[in-house]
Structures are given as C-alpha cells and as structure tokens.
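The structure under discussion appears below in the form of structure tokens.
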Amino acid sequence: MVRPKPTVGDTSWFVRDRFGLFIHWGLYALPARHEWVKHVEQIPDEQYDVYFRHFDPDLYDPRLWAEAAAGAGMKYFVVTTKHHDGFCLWDSQLTDYKAPNTPCGKDLIRPMVEAFRERGLRVGFYHSVIDWHHPDFVVDNLHSMRGRPDREALNATRDQTRYAAYLHGQVRELLTGYGKIDVLFYDFSYPPEKGRNDWNSLELLKMTRELQPGIIVNDRLDLQDVEGGWDIRTPEQFMPREWVQVDGQPVVWETCQTFSGSWGYHRDEASWKSVEQLVQMLIGVVSRGGNLLLNVGPTGRGEFDDRALERLRGMGEWMKRHSRSIYGCTQAPDGIPCPQDCRLTYNPETNRLYVHIFAWPFVQLHIDGLAGKVAYAQLLNDASEVKMGEVPEHQASMAGPSPDTLTLHLPVRKPDVVVPVVELFLK
Ligand code: GLC
C-alpha cells in the first residue's frame, strides 16, 4: 500500500472524501468570456467597472448549489473569495471593492458557507494572492495594466509590502468570520516576478494555520521547498499518470478541472467534457491516490447553467450506485496488475477491490495474480453476482491464462451505467 507523506494540515477526511466542487464566481461572470478577461483584453479599471455596476445575481440561492453538489456526490467545496481581478465576494472591511457595494448588495460567502455546511459538505476558500485592482500591487508582466506606457510611473507609488498587509488582513477576516474552514487554496506565485516575498508567504502560512488549526493549505505560496510549507499538490487541468510524487515520495494531491476550459462562466465555450469523460476522470484520479476538484462557473444571474447541472446530475447518477468505489478508496496494492481497459481502486478498510471497466469486453475479464484470492464478486450497480472461475477446458488451451489468473464471467450486454464496476471481496 502506498502511503502519502504526512501533512501538517488534517488530510485524513480529505483522502477519504475524494471529490469536491470548485466555484469560480465574480464580476467576470458578466463578460462571460474567461475569468482572466481583464488581463487578456487589458481592460482598464474604469472600463471593467461596468461589471461592478451591473453585478446583480438576483437568482442566487446557494441552497440549490449545495443540493447540486451533494447530488453529484461531492463532499467539500472551494469558492473564490477573491480572484485575480481583486473583487471580493464577502463583506470585507478592508475594501469597497466587494459584492455588498454592487447592485447585489450583500455578502455572498456567508449564505454559501451555511448552505453547503447544512448539506454536510466541508468548506474551502480559494483566495487569489494576485490582485489587479489594488493600488499597491506592483504592476508586473501578468498585470492587466502591463501594457501601459506609464507603467514605471505607476509603480513609483505602489508598495507591495502594503499590499501584503492588505492580503493578510483579508485572509484574517475570512478565517475568523465564517467558522471552521477546512481548506485554503491560495493562487498563485510566479517567481521571480512574484513569489514568497511579495506575499510574505511564511507569515501568511503561519497565520493561516494558527487561526484555523488543521486547515489544509495548497502549494501555491511559493513555499514548495519549505518543510510544512504546503499540504497538498494541485496539478491543474492535468491528469497525472501516476501517484504524484515530490522528491520521490508520494504526496496528498488534488487535481482541479473544468467542465469546458475556463473557470469562470463562459457562455460560448464548446469544449464541454461528457459525463463519461468526467466519471472516468474521477475514477482515474482515485486509482492514482488523488482527489478531484471539479469546477462550476455560475452565471451573473447566480445560477449553475444547464450544461453544468446536466453533468453534475450525470455524475450523481453514477455516484449513487458506485460511490463505494470512490469514498475511502485509493490506489490498488502493489502487485495487482490492472486488467486491460480498466482502472482499479481499493478500499483498505473493507479489503475490497474495484474493477472499473472503461471498454466492455466480451464475457471474460482476466485479472492476473488474483486466482483463489477473491471470496465473492458482484456488479456494483445492481449487486448481481459475477461468476468467477476457470476458462472451460476445451477453451483453456486457447485462452492462455496462467494458473494464478482470475477470470470473471461478465454478461454479454454492458450494464446500463456510464462505467460499470465489479466489486471484488478479497479474502
Ligand atoms: C489559475 C488561474 C485561474 C484559476 C486557477 C484554478 O492559476 O489563474 O484562473 O483560478 O488557477 O486552479
């Protein structure tokens, strides 16, 4: 069994729960063409301000969001309290650039936290350390004002240390005003331009852990080389081939993924992943010992759009019958080879192995090394027995399995689920 490197934050629940919802919500929901729109189009503050003056999510009901997430089988959520454009979703006392000052007129974080907690989901905050609105944030090559001819002059009055104090103050508000926070997802460092000194990362991390003992902190404060400087690795829109390692040691990891490419609501993007791809993604991640944080970008009216809801429902439909192969599960023990077109997960507490079949074979599925080691096998979707046994004698010479190969006898027709799973009760 692979065991990841121990963490300072409490990851014991995290590696059991496996599946969370990411929410990217802010002013960029209105232009609806990527949350980096201010950067990409180099929109000046005065012009971007039109979204601030029109931000009015009148259909916002976080109970519906929480219901959709819980229905999909998600166990925690992480929401953008502030993204790179600097707009704050909560009622920060340190800025006027916040939801309560838009037509929406209220703190959007508090009711969200309450609604998700009520559904039993754990609470995570994403917080951008980057800020393209704050007057002290030094204009660099990522900044929306990077192209201004007077950039040097602008920077003459900017004081990154003062910005860092603002950043710390806001994080303090978030970690003292909303009860227990389980995850803090900082985003992001890009040394040598901006890194640990620009955020005062060591102090920020210390404060984070002091205010919320046990909180899980991600790896984007530019403290990768510091012992205890992070708890989880966070590959983004990327599927690692195997359990993520750092210095040769497996670590707790979570990949964050989008439905269609951008994180904020994007009206015209056509690259939406199918339910099948998403379910396979979740399985693939758990089979390598990781978590999946899957993102929704709510609209400017305050809703999850139909494309997102359809996919969450599809995943929930699968999870309803197959979550046993996800929760509490991890990579299969060494020495069990994965059969063709399959992914394995394993629950060490129940000693059950889950065979996820991505391409339905014709009747026989061979698993090397498991002969005599399985007490019972069933399809997970309907608990129907899967017979195990030898290949009939007159075919054995052609089948070629070795004596230690377990052969499962599957129905000819693929069960009517996105990804069928065989549950093996190991002896
Ligand atoms: C990034 C992006 C971004 C998104 C995030 C999610 O680094 O800047 O827009 O919020 O990662 O991981």
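Each step along the sequence shown adds one to the number in my numbering, with nothing skipped, and position 287 is 278.
For every residue, glycine included, the Cβ atom is placed at its ideal position computed from N, Cα and C.
Minimum C-alpha distance to residue i - residue among the options
i: Gly281; options: Ile121, Arg224, Gln331; result: Arg224
i: Val174; options: Tyr67, Pro289, His313; result: Tyr67
i: Gln84; options: Asp98, Thr71, Glu32; result: Asp98
i: Met272; options: Arg298, Gly111, Arg302; result: Arg302
i: Asp52; options: Phe78, Ile100, Arg187, Pro402; result: Ile100
i: Gly219; options: Leu196, Phe229, Trp27; result: Leu196
i: Cys95; options: Ile317, Gln38, Gly293, Arg153; result: Gly293
i: Leu112; options: Asp395, Met65, Gln161, Leu401; result: Met65
i: Val403; options: Phe353, Asp141, Gly360; result: Phe353
i: Arg139; options: Gln151, Gly160, Ile34, Pro226; result: Ile34
i: Arg298; options: Val413, Tyr177, Val243, Thr249; result: Thr249
i: Leu18; options: Thr2, Tyr256, Val242, Arg163; result: Tyr256
i: His118; options: Val217, Thr72, Ser375, Trp309; result: Thr72
i: Trp190; options: Asp222, Gly205, Gln228, Asp150; result: Asp150
i: Ala90; options: Arg44, Val162, Asp8, Gly275; result: Arg44
i: Asn209; options: Asp238, Met230, Val242; result: Val242
i: Val31; options: Leu361, Thr(-2), Pro(-3), Leu133; result: Leu133
i: Glu227; options: Asp1, Val276, Val412, Asp407; result: Val276
i: Gly288; options: Ala23, Thr2, Lys(-4); result: Ala23
i: Asp122; options: Asp141, Asp178, Asn92; result: Asp178
i: Glu414; options: Ala362, Val346, Ser393; result: Val346
i: Phe229; options: Gly239, Glu245, Val217; result: Glu245
i: His159; options: Val120, Arg142, Ala147; result: Val120
Integer Cβ distance of residue i from residue j, believed to fall under 8 angstroms
i: Trp234; j: Val(-7); result: 6 angstroms
i: His75; j: His15; result: Wrong, their Cβ atoms sit about 11 angstroms apart, outside the cutoff.
i: Phe5; j: Ala57; result: Between Ala57 and Phe5 the Cβ distance is about 19 angstroms, and since that is not below 8 angstroms, they are no contact.
i: Leu417; j: Val365; result: 6 angstroms
i: Tyr42; j: Leu55; result: Contact flag wrong, Cβ pair sits at about 23 angstroms.
i: Leu371; j: Arg312; result: 6 angstroms
i: Val28; j: Asp222; result: The Cβ separation is near 31 angstroms, so there is no contact.
i: Leu284; j: Val69; result: 6 angstroms
i: Asp325; j: Ala362; result: With 8 angstroms as the limit, Asp325 and Ala362 do not qualify as a contact, their Cβ atoms being about 18 angstroms apart.
i: Ile206; j: Phe10; result: About 19 angstroms separates the two Cβ atoms, so there is no contact after all.
Residue range of the unbroken beta strand (DSSP E) whose run includes residue i
i: Val413; result: 412 to 417
i: Asn338; result: 333 to 338
i: Leu283; result: 282 to 287
i: Ala366; result: 365 to 370
i: Met379; result: 378 to 380
i: Arg343; result: 343 to 348
i: Val217; result: Counting along the chain, Val217 falls outside any beta strand (DSSP E), and DSSP gives it neither H nor E.
i: Ile486; result: Any property of residue 486 remains undetermined from this structure, which presents the chain solely from -8 to 418.
i: Thr199; result: Run containing Thr199: none in the beta strand (DSSP E); it sits in the alpha helix (DSSP H), 192 to 202.
i: Leu175; result: 174 to 178
i: Leu300; result: That residue, Leu300, is in no beta strand (DSSP E); its alpha helix (DSSP H) goes 297 to 313.
Endpoints, the alpha helix (DSSP H) within which residue i is located
i: Val104; result: 100 to 109
i: Thr167; result: 151 to 168
i: Ser119; result: Not the alpha helix (DSSP H): Ser119 falls in the beta strand (DSSP E), residues 113 to 119.
i: Gln84; result: Premise fails: Gln84 is in no alpha helix (DSSP H) and is neither H nor E.
i: Arg7; result: 5 to 8
i: Phe43; result: 36 to 45
i: His25; result: It is not in any alpha helix (DSSP H) - His25 carries neither H nor E in the DSSP assignment.
i: Val276; result: 266 to 277
i: Glu245; result: Run containing Glu245: none in the alpha helix (DSSP H); it sits in the beta strand (DSSP E), 245 to 248.
i: Leu423; result: Missing from the structure shown is residue 423; the chain here goes from -8 to 418 and no further.
Close beta carbons around residue i, own chain, < 7 angstroms, minus the five adjacent residues each side
i: Ser278; result: Gln322, Arg334, Leu335, Thr336
i: Leu166; result: Ile172, Thr199, Leu202, Gln203
i: Pro48; result: Cys95, Gly291, Arg292, Gly293
i: Asp213; result: Ser180, Pro182, Gly186, Arg187, Ser192
i: His125; result: Gly77, Tyr154, Tyr157
i: Asn338; result: Gly319, Cys320
i: Asn342; result: Leu417
i: Pro328; result: Asp359, Gly360
i: Ala59; result: Phe295, Leu300, Leu303
i: Pro102; result: Pro53
i: Val237; result: Arg224
i: Arg7; result: Tyr318, Gly319
Closer than 6 angstroms: residue i CB and nearest ligand 3 heavy atom
i: Asp189; result: Absence of ligand 3 is noted for the structure shown, with ligand 1 being the only ligands found.
Cut-off 8 angstroms between Cβ atoms - residues of its own chain near residue i, not counting five sequence neighbours on either side
i: Asp131; result: Arg137, Glu184, Lys185
i: Val145; result: Correcting the residue type first, residue 145 is Leu in the shown sequence and not Val. Answer for Leu145: Val130, Met136, Arg139, listed in chain order.
i: Asn286; result: Leu12, Phe13, Ile14, His15, Cys247, Gln248, Thr249, Phe250, Trp254
i: Gly62; result: Leu303, Arg304, Gly307
i: Ser314; result: Gly64
i: Met379; result: Val365, Ala368, Leu397, Thr398, Leu399, His400
Own chain, CB closer than 6 angstroms to residue i, minus 5 neighbours either side, in chain order
i: Trp351; result: Lys405
i: Gly252; result: Glu260, Ser262
i: Val104; result: Val114, Tyr169
i: Ile348; result: Cys333, Pro411
i: Gln161; result: Ser83, Leu85
i: Tyr39; result: Lys29
i: Val127; result: The sequence shown places Asp at residue 127, not Val. Cβ neighbours of Asp127 beyond the five flanking positions: Arg149, Asp150, Arg153, Tyr154.
Closer than 7 angstroms to chain C by CB, residue i
i: Gln161; result: Here chain C cannot be found, since the structure has a single protein chain.
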